[in-house]
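Undergrad: Residues in the sequence shown are numbered from 1 upward in steps of one, following full-length UniProt numbering. Before I ask anything, let me first share the structure, which is written out below as structure tokens.
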Amino acid sequence: MATQEGALRQQCGDATRAFLQKEYMTSLLMIERGVELACADSRQGITHDVVLLERLLVLRYTAMVTVYTNSSVRERVMNSLEHTPESPEDAHARAHAVLQVLQAPAGALYTMLWYASLDVLHGTPNPPYPHTLDPSEELTPLILRVPGALLTSAILAALRLDTYASKGPAYARGDAETSARATCARQTCEWYFSALLTPDGQEVSKAGGTYERVLRIYTLQVLGVHLQDWNYAHDFVGYSSLPEDAKLALFGEIDAMRQEIDARAKREREALQEARAQYEEEKKRRAQAAHDEAHKAPAPSVVPTDEPAPAPAPVEQDSAPTALPPPPARPSGASLQRTPSIRRKGRTARASAEDDAASHAATREHLQTFLARRPTEEPAEVPRGLSYGHVRHMLFSYVTRKRVLILLLALATLAGALAPRAASSRRPSLQSWPRVAIQRLWDTLRMYVFSLQAPTNTIRGTQVTYL
Numbered sequence: 001m002a003t004q005e006g007a008l009r010q011q012c013g014d015a016t017r018a019f020l021q022k023e024y025m026t027s028l029l030m031i032e033r034g035v036e037l038a039c040a041d042s043r044q045g046i047t048h049d050v051v052l053l054e055r056l057l058v059l060r061y062t063a064m065v066t067v068y069t070n071s072s073v074r075e076r077v078m079n080s081l082e083h084t085p086e087s088p089e090d091a092h093a094r095a096h097a098v099l100q101v102l103q104a105p106a107g108a109l110y111t112m113l114w115y116a117s118l119d120v121l122h123g124t125p126n127p128p129y130p131h132t133l134d135p136s137e138e139l140t141p142l143i144l145r146v147p148g149a150l151l152t153s154a155i156l157a158a159l160r161l162d163t164y165a166s167k168g169p170a171y172a173r174g175d176a177e178t179s180a181r182a183t184c185a186r187q188t189c190e191w192y193f194s195a196l197l198t199p200d201g202q203e204v205s206k207a208g209g210t211y212e213r214v215l216r217i218y219t220l221q222v223l224g225v226h227l228q229d230w231n232y233a234h235d236f237v238g239y240s241s242l243p244e245d246a247k248l249a250l251f252g253e254i255d256a257m258r259q260e261i262d263a264r265a266k267r268e269r270e271a272l273q274e275a276r277a278q279y280e281e282e283k284k285r286r287a288q289a290a291h292d293e294a295h296k297a298p299a300p301s302v303v304p305t306d307e308p309a310p311a312p313a314p315v316e317q318d319s320a321p322t323a324l325p326p327p328p329a330r331p332s333g334a335s336l337q338r339t340p341s342i343r344r345k346g347r348t349a350r351a352s353a354e355d356d357a358a359s360h361a362a363t364r365e366h367l368q369t370f371l372a373r374r375p376t377e378e379p380a381e382v383p384r385g386l387s388y389g390h391v392r393h394m395l396f397s398y399v400t401r402k403r404v405l406i407l408l409l410a411l412a413t414l415a416g417a418l419a420p421r422a423a424s425s426r427r428p429s430l431q432s433w434p435r436v437a438i439q440r441l442w443d444t445l446r447m448y449v450f451s452l453q454a455p456t457n458t459i460r461g462t463q464v465t466y467l
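Next up, the structure:
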């Protein structure tokens, strides 16, 4: 027995881990394997830990409803189950059983899960399970022995399936049978309340909290939010066996929930009306724009002319530049020719390839005429005269000061070399020496200024040292 319970615990842990990792097909197959083991042991009188069975069944409700209400996940899991290998046989049969459950309508899916839970816990009823939630006298008291967490999980799963069947793909297809059976949560709650009226139900203590939790789910979620029967929910709480303070608190919750639902519905209606008004306004605006576009005056059509373009007059080549002729006068709108756009068709459909060729030829001739009127030779640059700024720049620049210093040193050296010679010569020659030195100094300065004024390439190859 310990070995079987350990295997069941391992199976439940692996299935939970696979579900959290979103490996839904693996999780469903492991859950189905655990349910088969628990059902077989229950029929043989072997009991397991109630908490372990509760965990397994709650996980089954959660995994099945999660996969069933998500269309993309459901389709992917069903495709994987259909391609399950046929060996081993028990794995293939288990995959086929899970596939049948997922292919059933929402009401039938919950019915199979609910009776399978009773089979795991109490060993009854045996398959095949009933197709409705109308319990017999034998099955009615069994719901009182279902753990509270499992019972509330089953009711919430049924409510989720009811919502999916009423507003999901089944409702969109117009499946009347599926939509009519979307009251599984209400039937489960009423089964529980009817079981409390039986002799076995009179002995059940309501201090555990299961009665209050089921009553809150039934009045707030099932009767109120899902079925919108707020008055019956209010009356049902009044007839319940809750204490007065608990009743008052539940009355307040029902009223608050009703106001919230009404306010939400009002906001949705206002948003829908605003969207419709915007749609109608946009529709009118587009219709008016289309009407204005249709009644707009058509653009003047362009009539192509067959006259060839005038030949350009011969141009005499002159050395001096000539002024360009003034641009031709703008033609009138009747004879205006437009080049068709490259992005869309032209405004007229009478343009042909010959007209395009003629217009291109005229443009080319006009360009050739313009090029012929241009001067063949560019005018030479007029030499600029020597200005006061140029002279000032030359005299006070760093290069000028350097060259003047070198010139003074050269003159001093020359004077030192010629001084002995002048002393040994005759006296009349001493009187002519200053005039000769001044004349040569003046000639040297004049050549230096000329070199600065003349172009560089004319004197670069010839450096004159006059001294």
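Heads up, the beta-carbon is just placed ideally off N, CA and C, and yes, glycines get one too. Source: prediction; values computed, not measured.
(1) From the DSSP output, in three-state form, read off Glu270 for me.
(2) Looking at the structure shown, is Lys296 part of a helix, part of a strand, or coil, going by DSSP?
(3) Between His48 and Glu82, is the Cβ-Cβ spacing less than 8 Å?
(4) Suppose you measure from the CA of Thr183 to the CA of Asp162; what does that come to, to the nearest Å?
(5) Contact defined as beta carbons within less than 8 Å: I believe Ala158 pairs with Tyr110. What is the distance between those atoms, to the nearest angstrom?
(6) Would Arg145 and His131 qualify as a contact pair, given that the criterion is a beta-carbon distance under 8 Å?
(7) So, is Ala165 buried or exposed, given that buried needs 16 or more other C-beta atoms within 10 angstroms?
(8) For the structure I just gave you, are there three or more beta carbon pairs, one from the stretch 132-144 and one from the stretch 44-59, closer than 8 Å?
(9) Taking the beta carbon of Glu268 as the centre, do at least 16 other beta carbons fall within 10 Å, making it buried, or is it exposed?
(10) What's the gap between the Cα of Tyr211 and the Cα of Pro88?
(11) For a test of the three-state rule: what should DSSP assign to Gly45, helix, strand or coil?
(12) In whole angstroms, what is the alpha-carbon distance linking His360 and Phe370?
(13) Buried or exposed: which applies to Gln278, given that a residue is buried once 16 or more other Cβ atoms fall within 10 Å of its Cβ?
(14) So for His390, helix, strand or coil by DSSP?
(15) Whole alpha helix (DSSP H) runs in the stretch 115-180 with 4 or more residues, listed along the chain?
(16) Suppose you measure from the CA of Ser72 to the CA of Gln288; what does that come to, to the nearest Å?
(17) Quick one: complete beta strand (DSSP E) runs, 3+ long, within the stretch 224-264?
(18) Could you check what DSSP says for Asn70 in three-state terms: helix, strand or coil?
(19) What residue range is occupied by the uninterrupted alpha helix (DSSP H) comprising residue 495?
(20) Using 8 Å as the threshold, is the C-beta distance between Arg160 and Val67 below it?
(21) By Cβ distance, which residues of its chain are closer than 6 Å to Ile217, with the 5 residues on each side in sequence left out?
(22) Grab me the residues of residue 478's own chain with a C-beta within less than 8 Å of its C-beta, minus the 5 sequence neighbours each way, in chain order.
(23) Could you check the C-alpha separation between Ala417 and Thr400 for me, to the nearest Å?
(24) Can you tell me whether Thr413 is buried or exposed? The criterion is at least 16 other CB atoms within 10 Å of its CB, across all chains shown.
(25) Compare the beta carbon distance of Leu220 and Glu253 with 8 Å and say whether it is the shorter of the two.
(26) From this set, Thr152, Asp200 and Thr198, which residue's C-alpha is nearest Cys189's C-alpha?
(27) With H, G and I counted as helix, E and B as strand and the rest as coil, what does DSSP make of Ser397?
(28) Report the CB separation of Leu215 from Leu242 in whole angstroms; it is logged as a contact under 8 Å.
(29) Glu36: which of Tyr24, Glu23 and Leu53 sits nearest, CA to CA?
(30) For a test of the three-state rule: what should DSSP assign to Ala104, helix, strand or coil?
(31) By DSSP, does Glu75 sit in helix, in strand, or in coil?
(32) How far does the alpha helix (DSSP H) with Glu190 in it reach, from first residue to last?
(33) Cβ of Met112 within 8 Å of Cβ of Ala104?
(34) Among Arg9, Asp262, Ser240 and Lys247, which has the Cα closest to the Cα of Val225?
TA: Reading off the structure:
(1) Reduced to three states, the DSSP call for Glu270 is helix.
(2) Lys296 sits in coil when the DSSP states are folded into three classes, being neither helix nor strand.
(3) Not closer than 8 Å, so no.
(4) Just so you know, the alpha carbons of Thr183 and Asp162 end up roughly 6 Å apart.
(5) The beta-carbon distance between Ala158 and Tyr110, rounded to whole angstroms, is 5 Å. This is short enough to meet the 8 Å contact definition.
(6) Not a contact, by the Cβ cut-off of 8 Å.
(7) Counting Cβ neighbours within 10 Å, Ala165 comes out buried, since at least 16 surround it.
(8) No, the stretch 132-144 does not touch the stretch 44-59.
(9) With fewer than 16 other Cβ atoms inside 10 Å of its own Cβ, Glu268 counts as exposed.
(10) Pairing Tyr211 with Pro88, the inter-Cα distance amounts to about 45 Å.
(11) DSSP places Gly45 outside both helix and strand once states are collapsed to three, so it counts as coil.
(12) Distance between the alpha carbons of His360 and Phe370: 16 Å.
(13) By the 10 Å Cβ count, Gln278 comes out exposed.
(14) Helix.
(15) For the stretch 115-180, whole alpha helix (DSSP H) runs of length 4 or above, ordered along the chain, are 148-167, 169-172 and 176-180.
(16) Roughly 44 Å separates the two Cα atoms.
(17) For secondary structure counted as the beta strand (DSSP E) over 3 or more consecutive residues, the stretch 224-264 holds no complete run.
(18) Asn70: coil per DSSP, three-state reduction.
(19) Because the chain is modelled from 1 through 467, residue 495 falls outside the range shown and cannot be assessed.
(20) Cβ atoms of Arg160 and Val67: not closer than 8 Å.
(21) Excluding positions up to five away in sequence, the list reads Ile155.
(22) The structure shown has nothing for residue 478, since the chain only spans 1 to 467.
(23) Ala417 and Thr400: Cα-Cα distance of roughly 26 Å.
(24) Classification of Thr413: exposed, given that the 10 Å Cβ count is below 16.
(25) Using a Cβ distance threshold of 8 Å, Leu220 and Glu253 count as a contacting pair.
(26) Ranking the options by Cα distance to Cys189, first place goes to Thr152.
(27) In the structure shown, Ser397 adopts coil according to DSSP, grouped into three states.
(28) Their Cβ separation, rounded to whole angstroms, is 7 Å, which keeps Leu215 and Leu242 in contact under 8 Å.
(29) Selection Tyr24, Glu23 and Leu53 evaluated against Glu36 yields Leu53 as nearest (Cα-Cα).
(30) Coil at Ala104, not helix or strand.
(31) Glu75: helix per DSSP, three-state reduction.
(32) Boundaries of the alpha helix (DSSP H) around Glu190: Cys184 to Ala195.
(33) Against a cut-off of 8 Å, the Cβ pair of Ala104 and Met112 comes out as a contact.
(34) It is Asp262.
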